[in-house]
Amino acid sequence: MKNRQYKSESKKLLDMMINSIYTNKEIFLREIISNASDAIDKLYFRSLTDSSVGLKKKDFKIRISIDKENRTISVSDNGCGMTEEELDKNLGVIAKSGSLDFKSENEPKRDVSVIGQFGVGFYSAFMVSDKVTVISKAFGSDSAFCFESSGPDGYTITPAERDGFGTTVIMHVKADTENENYSEFLEQYKISGLIKQYSDYIHHPIVMSFTEKKAVEGKDGEFEDITEDRVLNSMVPLWKKAKSQVKPEQYNEFYKEKFFDFEDPLHVIHTSTEGTATFKALLFIPRHAPFDYYTKDFEKGLALYSRGVLITEKCADLLPDYFSFIKGLVDSEDISLNISRETLQQDAELKLIARTIEKKIKSELEKMLKNEREKYEQFFSVFGVQLKYGAYDKYGANKDALKDLLLFVSSFEKRPVTLKEYVSRMDKNQEAIYYACGETADKIAMLPQCETVSSKGYEILYLTDNVDEFTIKVLNEYDGKKFVNVCDQNLDLDTEEEKAALSEKNKDNEEMLKAAKEAIGEAVHSVRFTNKLKNHPVCLNTEGDISLEMERTLNSMPGSDGKIKAQIVLEINENHEIANKLSSLYKSDKDTFNKYSKLLFDEACLISGRDIKDPAAHSALVCELMTK
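In case it helps, the numbering used here puts the sequence shown at residues 540 to 1167.
So, in structure tokens, the structure goes:
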């Protein structure tokens, strides 16, 4: 027996592969099973044109065996097997892939799908093994050979015995250390779990023998050991079946089992694409958001498979942030993997798949909005905020793609409507889309400014989410119509004559209004009369880009120092009796005038849903004025 040395600077390269390329020890079984699957595929491919193979697809299988006493895990297949020369070439030369050679030779003739690409998957076994033995017999050969290696120091190849063609990989599991529990890989439940996680959709049965004690029929109290083979993998992925062959309950059960949800999904997207991007995808919209969805701990992403083998549980690059609520998976033969198959190359294929998925999700949401309105509103009540963030994020880069998916509560319908629906019923003389912000639609409806706009017959969008106004600001306009906050100084509902009259009144009372501002203090930017109120005496408006709602939202964000200030304007209804009262007090009783000014500002705050800075002082002031 001659000890052979690895080629390609084996010691350094193999050490790097074992300790650096693979970061997750669990994937060793995935790699060995994938190699076994490739070996079976090669022989099955040959059987299509060579009747001497004598096997049908149902005859092929991969067998897993565990020997706790000798600390070994064996993976055996009845695939093509290897000759002595092939063992030396495929296992003795690191990064030499027999699967890749096979694919290159046959792809021009026929569609060939094999998993191995780099010839390094076999060496992942050394992450959990201190010795690996491979016994292989090539199809059509009378001789079997044994490849054995304990790592970088080299390997041996000797004659061996094997019943039937194929390959058996025997991994001698390392002893436990203080930091590593290698013995867990000798437990059936652990191996079964790894197969379910990583190799569930290998299209050949993966079997393992299970022994259980069962009662002997007719003999009370007596038991016997019964050993039976169990197939551990599903083999045929649900997403590879035609949609017409899959029942709704199958989708539901798959979703709940795969993504650990207790409810059926709200919507299923089962799609496949061929051409520039070839892949199959099975996507789900959940009925509810995960508990951590709106936190920094949430991880978006789709499970990514390559030819049925799990590559990564969450590939974030496949989903844009605004569709991060989507759960599901993608299976593609086009993606370019790195040498360890654990991570992806950032290539054009992956980006193309991501763009295609994005368009498909958007199309499905548009169809749901059009044809299943109640279902869409249910979806939007859970994930609508994410779409609004998506329209606002990156300075509105995606606003055009998302604007027709957004919903806002309407003052007309008292339910969510789209911007398109709002604009479609606008009066021909209406020049703007009006909106108002607040905690709830009911509270917004009670704003004095809403009363005024509604009296003109205009519809108002009620914005109740923190991100709403930021989204509206980024959109800026829809179908040529500007957005206008009913509490903004830019609200323009007056005729030229009305504007002139109001300007004149404010000019005539300039000193009085300035005195009211001084009495109130820095809480207001200015005080003025308005003709926009009907029954309410006062209201708060703003000047500049920061509205009252934006001030509240920005100051509530983590890390905010609370110094964001809107330029608040106290507006007094020029037609209300309180306007005459103030004028009278300004001329006769400046002290009481100051107190009324403060009181009116507090009242305006309450009407607008803002907290009063000093409730005790406000109460004392009310009582004082009531007793005069």
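Where a beta carbon is used, it is the ideal one built from N, C-alpha and C, also for glycine.
Through-space distance from residue j to residue i, alpha-carbon basis
i	j	result
I576	V962	Looking at the sequence itself, residue 576 is Ser, so the reference to Ile does not match. Going by the C-alpha atoms only, they are around 59 Å apart.
L1052	I824	56 Å
T672	L857	39 Å
N1114	A893	60 Å
S811	A578	27 Å
S586	D580	10 Å
P804	D692	53 Å
D943	C619	56 Å
V708	K735	20 Å
E952	E960	11 Å
H743	F818	21 Å
A664	A677	22 Å
Q925	N574	42 Å
N617	E838	40 Å
P787	S731	28 Å
D1047	L1002	37 Å
F922	E687	55 Å
N1029	L1014	17 Å
S920	Y974	19 Å
E1163	I1103	34 Å
K752	K607	19 Å
G996	A984	14 Å
Environment of residue i [buried if 16+ CB atoms lie within 10 Å]
i	result
S1147	buried
R569	buried
Y833	exposed
L1109	buried
D1141	buried
T716	exposed
R769	exposed
T750	exposed
C989	buried
E1088	buried
G679	exposed
E998	buried
A816	buried
T991	buried
D932	buried
Y728	exposed
C1078	buried
M1165	exposed
K1071	buried
P1097	exposed
G1060	exposed
K1167	exposed
A971	buried
Beta-carbon proximity list for residue i, same chain, < 6 Å, skipping 5 on both sides
i	result
N854	Sequence inspection shows Cys at residue 854; the Asn mentioned does not correspond to that position. The residues are G840, L841, L843.
R1144	According to the sequence provided, residue 1144 is Cys. The question's Arg does not apply to it. So the qualifying residues of the chain are I1151.
T1010	K927, A930, Y931
N1045	R1067, F1068
R826	E802, L805
S615	R602, T707
V948	P955, A980, Y1001
For residue j and residue i, believed in contact at Cβ under 8 Å, the rounded distance
i	j	result
Y861	G929	2 Å
F684	S675	6 Å
K927	L945	6 Å
L725	V712	6 Å
T695	N542	6 Å
G867	I741	Not a contact, Cβ separation roughly 20 Å.
V1210	A820	What is shown of the chain runs 540 to 1167, which leaves residue 1210 out entirely.
I603	M747	4 Å
I1111	P1154	Incorrect: roughly 22 Å between the Cβ atoms, too far for contact.
S871	S845	6 Å
S1189	A1055	There is no way to answer for residue 1189, as the model of the chain reaches only from 540 to 1167.
Residues near residue i by beta carbon distance below 8 Å, same chain, minus five either side
i	result
G1083	A1105, Q1106
S1086	C976, E1008, N1024, C1026, D1027, A1105
L777	V785, Q789, Y790, F793, L821
Other residues of its chain near residue i: CB distance less than 7 Å, five sequence neighbours each side excluded
i	result
D1018	V962
N1005	T1092
K782	H809
Residue i beta carbon near the ligand FMN (any heavy atom closer than 7 Å)
i	result
S1095	No copy of the ligand FMN occurs in the structure displayed, which carries no ligand at all.
Go through the region 980-1018 residue by residue and report every complete run of the beta strand (DSSP E) that reaches 3 residues or more, in order. 999-1002
Entirely enclosed beta strand (DSSP E) segments - the region 808-843, minimum 3 residues: 818-824
Output the residue ranges of the beta strand (DSSP E) runs that lie fully inside the region 727-815 and measure 3 residues or longer, sorted by chain position. Unbroken beta strand (DSSP E) stretches of 3 residues or longer found wholly inside the region 727-815: 745-754, 762-770, 806-812, given in chain order.
Just to confirm the assignment: which complete alpha helix (DSSP H) runs, minimum length 4, are found wholly within the region 1011-1091? Fully enclosed alpha helix (DSSP H) runs of 4 or longer: 1035-1047, 1049-1059.
Inside the region 894-958 only - beta strand (DSSP E) runs reaching at least 3 residues: 947-949
Taking the runs of the alpha helix (DSSP H) that are 4 residues or longer, which of them lie wholly in the region 591-636? 623-630
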